[in-house]
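As numbered in full-length UniProt numbering, residues 1 to 270 make up the sequence shown, in order.
The beta-carbon is built from N, C-alpha and C at its ideal position, and this holds for glycine as well.
This one's a predicted model, so the numbers in the text were calculated from it and none came from an experiment.
Inspection log for the structure reproduced underneath, given as structure tokens.
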Amino acid sequence: MDYEIIRAQLVATVTQYGGKIVLAIIAFIIGRIIIGKITSIIANVMDKRKVDKDVQPFLLSLVSVLLNVMLLLSIAGIVGIETSSFVAVLGAAGLAVGLALQGSLANFAGGVLILIFKPYRVGDLITAQGFTGTVEGVQIFNTILVTPDNRTIILPNGSLSTSPITNISGKGKIRVDMVFAAGSQNGADKIRASVQKAVDACPTALKDVQHDILVTKLTENAIFFDVRVWTPSVTYWETYYFVHEAISRQFAIDGIQAPKPAEVSVALKQ
1 MDYEIIRAQL
11 VATVTQYGGK
21 IVLAIIAFII
31 GRIIIGKITS
41 IIANVMDKRK
51 VDKDVQPFLL
61 SLVSVLLNVM
71 LLLSIAGIVG
81 IETSSFVAVL
91 GAAGLAVGLA
101 LQGSLANFAG
111 GVLILIFKPY
121 RVGDLITAQG
131 FTGTVEGVQI
141 FNTILVTPDN
151 RTIILPNGSL
161 STSPITNISG
171 KGKIRVDMVF
181 AAGSQNGADK
191 IRASVQKAVD
201 ACPTALKDVQ
211 HDILVTKLTE
221 NAIFFDVRVW
231 TPSVTYWETY
241 YFVHEAISRQ
251 FAIDGIQAPK
261 PAEVSVALKQ
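Structure follows, in structure tokens:
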């Protein structure tokens, strides 16, 4: 008796849902094929438009997830599952999670914008949020900077995408600005010639660019020079320290005398 009841219920269930289940399976297979075609087309379009290779996997994954969610909702509707309440619950849960993770979502959106528009790239020397360093990595939520003294700075992408950023090395070459002083008794021409020797000896200074050695301040006992040396962006600090040391040595070789310490201190404060 019990067996007959179970059998009857099973037959009724198969009769009621069997066709829907078969249709849902067919729809799932066809849907997966269509999703594969769509993602392939999007990938080809991004390749033709030269979208960054680092961004493509992320965008393709996002599109694939959205399409698969839509497919599952469609299949649930075919089977007969009420999807309106499910969508409402999903929307409410998404809203709650969005409010709870508002800062993270802002960083996520900022990371997407940075990956797409590339205001800076890995290896660039930038100044942002009061920090200067080389970009070690651009992640979805954060950008990793390494400062010249080898500190790791983690900056949220949300604030980076909405605040000023100075890309120091974006053009591939950079000018190293320095100030030097020598006693006025040496004469401007002699000091300039000595500084020029030091700049010419710098291996990281660009050879096809005019470097500036300009008198910027004159006092009774000192002559101040602005020295501007062009160098590849990646060798900024090497150039900076090399020129300082080279000028110190060249002044000693050429007998360039230093100004009075008090004179230099007063002039620099002005």
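Where residue i sits in the DSSP three-state scheme
i	result
E136	strand
A106	helix
R49	coil
R32	helix
K207	coil
D177	strand
T143	strand
R121	coil
N167	strand
G172	coil
I256	coil
Given residue i as reference, the closest of the options once Cα atoms are compared
i	options	result
T166	F180, K118, I223	K118
D232	D208, L67, E245	Correcting the residue type first, residue 232 is Pro in the shown sequence and not Asp. Considering only alpha carbons, the answer is D208.
C202	T239, T143, L218, I213	T239
K171	Y120, V79, A128, L115	Y120
R228	A128, L71, V195, A252	V195
L218	L62, I114, V179	V179
Pairwise C-alpha distance: residue j and residue i
i	j	result
N150	L206	26 angstroms
I191	K173	27 angstroms
N157	D124	16 angstroms
G36	N44	12 angstroms
T132	V146	8 angstroms
R32	T143	35 angstroms
G110	D226	39 angstroms
D177	V69	56 angstroms
I154	L60	27 angstroms
A100	N107	Here A100 scores only 49 on pLDDT, less than 50, and its place in the model should not be relied on; the value that follows carries that caveat. Using only the alpha carbons, I get a separation of about 13 angstroms.
G80	K20	8 angstroms
S159	I114	11 angstroms
V135	S161	15 angstroms
A24	L105	34 angstroms
Test item: CB-CB of residue i and residue j under 9 angstroms
i	j	result
V215	A246	no
R175	W230	yes
I140	N186	no
S248	N221	no
A193	A258	no
T39	S64	yes
V112	V122	no
S163	A128	yes
Near the ligand SAH: residue i beta-carbon under 8 angstroms from a heavy atom
i	result
R151	With respect to small molecules bound, the structure shown includes none, and the ligand SAH cannot be examined in it.
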